[in-house]
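A.B. asks: Going by numbering that gives the first Met the number 0, the residue at position 110 of the sequence shown is 109; the numbering climbs one at a time, nothing skipped. Submitted below is the structure of interest, expressed as structure tokens.
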Amino acid sequence: MRLRTKKNTRVGLESQPDLIVLEPKKLKGRWRELFGNDRPIHIEIGMGKGQFISRWSANNPDVNYLGMDMYDELLLIGSEKARKLWKEEKGSDEVPNLYLVRGNAEQLEEMFEDGELERIYLNFSDPWPKSKHAKRRLTHPRFLEKYKRALNEKGEIHFKTDSLSLFEFSLNSFSDSRLQMRNISLHLHRNELRDDLVMTEYETKFVGQGMPIYRLEAVVGSEVVREHRERVEAEVQASIARAAKRAADGREDAD
Numbered sequence: 000m001r002l003r004t005k006k007n008t009r010v011g012l013e014s015q016p017d018l019i020v021l022e023p024k025k026l027k028g029r030w031r032e033l034f035g036n037d038r039p040i041h042i043e044i045g046m047g048k049g050q051f052i053s054r055w056s057a058n059n060p061d062v063n064y065l066g067m068d069m070y071d072e073l074l075l076i077g078s079e080k081a082r083k084l085w086k087e088e089k090g091s092d093e094v095p096n097l098y099l100v101r102g103n104a105e106q107l108e109e110m111f112e113d114g115e116l117e118r119i120y121l122n123f124s125d126p127w128p129k130s131k132h133a134k135r136r137l138t139h140p141r142f143l144e145k146y147k148r149a150l151n152e153k154g155e156i157h158f159k160t161d162s163l164s165l166f167e168f169s170l171n172s173f174s175d176s177r178l179q180m181r182n183i184s185l186h187l188h189r190n191e192l193r194d195d196l197v198m199t200e201y202e203t204k205f206v207g208q209g210m211p212i213y214r215l216e217a218v219v220g221s222e223v224v225r226e227h228r229e230r231v232e233a234e235v236q237a238s239i240a241r242a243a244k245r246a247a248d249g250r251e252d253a254d
């Protein structure tokens, strides 16, 4: 996405230090100080116009959110959208648990200490369809290694796209990086809108056109991996117990 720089955009950003971070590298290891608390930090990499991250911040005041994009114009639009949402729903245009950050995934290690984040959202990232551009895809293994370092013991990656080719690439990429996946969907809103999940601007448009949305969650941190394995094992044992019961009931009926 290429945007034309509008007059006074930079002034508009610099006038909002309570919401906009223009030099995130200076905050490496100090993001909790910025928020003023020890709550978990979730980040959307490539936030677009900010609908997704603004809605999450309003829905979950006990979580700290970061919306990252490399375009000043999108940061300004996102700040306007966030303040409007909070004004309408909270009665104040102050947004205490959200910062919009100028940056991109390439700079992640320069912006965050190891384990400083708890969740990463990748929504409708550029699919970079040409094979020669595969390394630019945000689910390429080289980016996944960056995410793994930045995420803590509860770390997760939530990924959504409308691109089947990018989703297929990403499934292989997550697998090659030895990340366990859950809640894989090839048509997220097939039966009805998932009102437990926040939609992006692109998603709203695509769903309105009847297009499938592909989604998955990757569990990264040691604690969430352990919980996932325990849950899967419990489901397997429950399935075995149900099968054994059906077999026993069948023998009784035969007798």
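No residue lacks a Cβ here, since even glycine has one placed at the ideal position from N, Cα and C.
How would you write the range of the alpha helix (DSSP H) that K204 sits in, first residue to last?
C.D. replies: The residue you call residue 204 lines up with position 205 of the sequence shown. K204 -> alpha helix (DSSP H) spans E200 to G207.
A.B. asks: Can you tell me whether E232 is buried or exposed? The criterion is at least 16 other CB atoms within 10 Å of its CB, across all chains shown.
C.D. replies: Residue 232 sits at position 233 when you count from the first residue of the sequence shown. Flag for E232 reads exposed.
A.B. asks: Distance, Cα to Cα, E115 vs E226?
C.D. replies: Taking the first residue of the sequence shown as position 1, residue 115 is located at position 116. Taking the first residue of the sequence shown as position 1, residue 226 is located at position 227. Rounded to whole angstroms, E115 to E226 spans 20 Å at the Cα level.
A.B. asks: Pull up the DSSP beta-bridge partners for A104, would you.
C.D. replies: Walking along the sequence shown from the start, residue 104 turns up at place 105. Answer is none; A104 lacks a bridge partner.
A.B. asks: What separation, rounded to the nearest whole angstrom, lies between the Cα atoms of D61 and G249?
C.D. replies: Here residue 61 corresponds to residue number 62 of the sequence shown, with the count starting at 1. Here residue 249 corresponds to residue number 250 of the sequence shown, with the count starting at 1. So the two alpha carbons sit approximately 51 Å from each other.
A.B. asks: Expressed to the nearest angstrom, what Euclidean distance is found between the alpha-carbon atoms of L121 and E88?
C.D. replies: The count along the sequence shown starts at 1 and reaches residue 121 at position 122. The count along the sequence shown starts at 1 and reaches residue 88 at position 89. Distance between the alpha carbons of L121 and E88 is about 26 Å.
A.B. asks: To which residues of the same chain is A104 closer than 7 Å at the C-beta, ignoring the five residues directly before and after it?
C.D. replies: Within the sequence shown, the letter at position 105 stands for residue 104. If we look at A104 and ignore the five residues flanking it on each side, its Cβ neighbours are I44, L137, F142 and K145.
A.B. asks: Using a Cβ-Cβ cutoff of less than 8 Å, which residues in the same chain neighbour Y201 once the five nearest sequence positions on both sides are dropped?
C.D. replies: Against the sequence shown, residue 201 aligns to sequence position 202. For Y201, where only same-chain residues beyond five positions count, the Cβ hits under 8 Å are G47, N122, F123 and D161.
A.B. asks: Could you check the C-alpha separation between M110 and K25 for me, to the nearest Å?
C.D. replies: Along the sequence shown, read from residue 1 onward, the residue named residue 110 stands at position 111. Along the sequence shown, read from residue 1 onward, the residue named residue 25 stands at position 26. C-alpha of M110 to C-alpha of K25: approximately 7 Å in a straight line.
A.B. asks: Identify the continuous beta strand (DSSP E) that holds I119 and give its terminal residues.
C.D. replies: Here residue 119 refers to the residue found at position 120 when the sequence shown is read from its first residue. Taken as a continuous stretch (DSSP letters only), the beta strand (DSSP E) holding I119 covers L116 to N122.
A.B. asks: Touch check for the stretch 161-173 and the stretch 230-247: three-plus C-beta pairs under 8 Å?
C.D. replies: no
A.B. asks: In whole angstroms, what separates the C-alpha of E216 from that of N182?
C.D. replies: Here residue 216 refers to the residue found at position 217 when the sequence shown is read from its first residue. Here residue 182 refers to the residue found at position 183 when the sequence shown is read from its first residue. Rounded to the nearest whole angstrom, the CA to CA distance from E216 to N182 is 6 Å.
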